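Residue numbers for the sequence shown follow the numbering used here, so the first one is 11 and each next one is one higher.
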Amino acid sequence: MENVKWFKSKLQNLRVKNLLRKLTLIDSAKGPKISIAGKQFINFSSNDYLGLSQRPEIIKSAVSAFKKYGFGSGSSRLLCGTYIPHKKLEERIAEFKKTESALLFNTGYAANTGIIPAIASAGWTILSDELNHASIIDGLRLSKAEIKIYRHRDTNHLEALLKKSTKNNFIVTDAVFSMDGDIAPLKDIAFLSKKYKALLMIDDAHGTG
């Protein structure tokens with residue numbers, strides 16, 4: 011019962027501070043405009059900036075794919091094989107990005123928490139911008155590498171940390187920072203990664219498209 015009282019007190023404290031979040035029910039797609047309780051609103055909270063999810067040709071293709079392949083993965087790509095459309099999409103993305111290959115993840119969070127610890131572990135130093143996305147921060151925690159945080163967009167501070175590091179170095183930054191909308195000095199960061207032989211990972215989730 012003491013635990014229940016503690017939770018109730020915690021929830022009440024959040025209510026008083028207007029910090030208790032609740033779900034908003036919508037009765038439409040999450041496009042440029044959304045409908046809430048029958049009223050139309052302009053949607054400024056979606057990541058679907060270009061409204062691609064509502065394009066008729068995309069919806070038509072998705073319905074066609076569902077009819078052929080069903081809904082859901084069914085199993086891991088490694089265990090049960092991968093779908094031909096997924097492979098073709100990866101090839102198109104690689105072509106668009108002018109790189110040798112691409113790998114699909116379900117979400118940006120899955121990408122960052124999967125890629126970062128796969129590359130860097132104990133014996134590495136990861137240098138991360140202080141305003142990187144939370145998914146990057148979780149990836150850093152999972153990596154078990156030494157973490158060094160450099161001041162936001164401050165390449166002088168980044169270089170100072172690189173000079174002091176005696177380990178394998180891995181620089182991670184957002185390209186466009188999602189909360190403020192400012193842009194990382196990518197040319198300068200890329201120059202430093204080459205100068206100090208550090209790996210460089212750029213999260214371009216809010217830049218592509």
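Glycine included, C-beta positions come from ideal geometry on N, C-alpha and C. Every value quoted in this text rests on a predicted model; they were computed, and no experiment measured them.
Please name the residue or residues paired with GLU156 in a DSSP beta bridge.
-> Walking along the sequence shown from the start, residue 156 turns up at place 146. In the DSSP output, where bridge partners are listed per residue, GLU156 has THR135.
Return yes when the Cβ of SER138 is within less than 9 Å of the Cβ of THR183, no when it is not.
-> Against the sequence shown, residue 183 aligns to sequence position 173. Against the sequence shown, residue 138 aligns to sequence position 128. Yes, Cβ-Cβ distance for THR183 and SER138 is below 9 Å.
Would you be able to state if there are at least three C-beta pairs under 8 Å between the region 170-178 and the region 118-136?
-> The region 118-136 is in contact with the region 170-178.
N- and C-terminal bounds of the beta strand (DSSP E) containing PHE51 | Along the sequence shown, read from residue 1 onward, the residue named residue 51 stands at position 41. Residue range 49-52 is occupied by the beta strand (DSSP E) that includes PHE51.
DSSP beta-bridge partners of LYS107 = The residue you call residue 107 lines up with position 97 of the sequence shown. Beta-bridge pairing links LYS107 to no other residue.
Sorted by chain position, which residues of the same chain lie with C-beta nearer than 7 Å to LEU150's C-beta, five sequence neighbours on each side aside?
-> Numbered from 1 along the sequence shown, position 140 holds the residue referred to as residue 150. For LEU150, where only same-chain residues beyond five positions count, the Cβ hits under 7 Å are ILE126, ILE136, SER138 and ILE157.
Given GLY61, which residues of its chain have a CB within under 6 Å of its CB, disregarding the five upstream and five downstream residues?
-> Within the sequence shown, numbered from 1, the residue matching residue 61 stands at position 51. Apart from the 5 residues on each side of it in sequence, GLY61 sits with its Cβ closer than 6 Å to the Cβ of GLY41 and PRO42 in its chain, given in chain order.
Is PHE187 near LEU141, with beta carbons less than 9 Å apart?
-> In the sequence shown, counting from the first residue as 1, residue 187 sits at position 177. In the sequence shown, counting from the first residue as 1, residue 141 sits at position 131. Yes, the Cβ-Cβ distance between PHE187 and LEU141 is below 9 Å.
Within this structure, are the beta carbons of ALA194 and ALA185 separated by less than 9 Å?
-> Walking along the sequence shown from the start, residue 194 turns up at place 184. Walking along the sequence shown from the start, residue 185 turns up at place 175. Cβ atoms of ALA194 and ALA185: closer than 9 Å.
Status (buried if at least 16 other CB within 10 Å, exposed otherwise) for MET211 = Walking along the sequence shown from the start, residue 211 turns up at place 201. Classification of MET211: buried, given that the 10 Å Cβ count is 16 or more.
Give every residue of the same chain whose Cβ lies closer than 8 Å to the Cβ of MET189, excluding the five residues on either side of it in the sequence, and list them in chain order.
-> Along the sequence shown, one-based indexing puts residue 189 at 179. Correct list, in chain order: LEU141.
When GLY191, ALA144 and THR218 are compared against THR123, the one with the closest alpha-carbon = As a working mapping, residue 123 is identified with position 113 in the sequence shown. That would be ALA144, whose Cα lies nearest to the Cα of THR123.
What are the boundary residues of the alpha helix (DSSP H) that VAL14 is part of?
-> In the sequence shown, residue 14 corresponds to position 4, counting from 1. Note, VAL14: alpha helix (DSSP H), 12-26.
Residues sharing a beta bridge with LYS43, DSSP | Against the sequence shown, residue 43 aligns to sequence position 33. DSSP output for LYS43 lists ILE52 as bridge partner(s).
Continuous beta strand (DSSP E) assignments of at least 3 residues falling wholly in the region 156-211 | 156-160 and 178-184
Do ASP148 and TYR119 have their C-beta atoms within less than 9 Å of each other?
-> Within the sequence shown, residue 148 is the residue found at index 138, counting from 1. Within the sequence shown, residue 119 is the residue found at index 109, counting from 1. For ASP148 and TYR119, yes; Cβs fall inside 9 Å.
Assigned secondary structure, ASP37 (DSSP; H/G/I helix, E/B strand, else coil) = Counting from 1 along the sequence shown, the entry for residue 37 is found at position 27. Of the three classes helix, strand and coil, the one that applies to ASP37 here is coil, per DSSP.
Buried versus exposed call for ILE199 [16 or more other C-beta atoms within 10 Å across all chains shown] | As a working note, residue 199 is residue 189 in the sequence shown. So ILE199 ends up on the buried side.
Spatial neighbours of GLU169 within its chain, please: CB distance less than 7 Å, with the 5 preceding and 5 following residues excluded, ordered by chain position.
-> Counted from its first residue, the sequence shown places residue 169 at position 159. So the list reads LEU202, once near-sequence residues are dropped.
Give me the Cα-Cα distance between LYS77 and SER56, rounded to the nearest whole angstrom.
-> One-based indexing of the sequence shown puts residue 77 at position 67. One-based indexing of the sequence shown puts residue 56 at position 46. Answer to the nearest angstrom: the Cα atoms are 28 Å apart.
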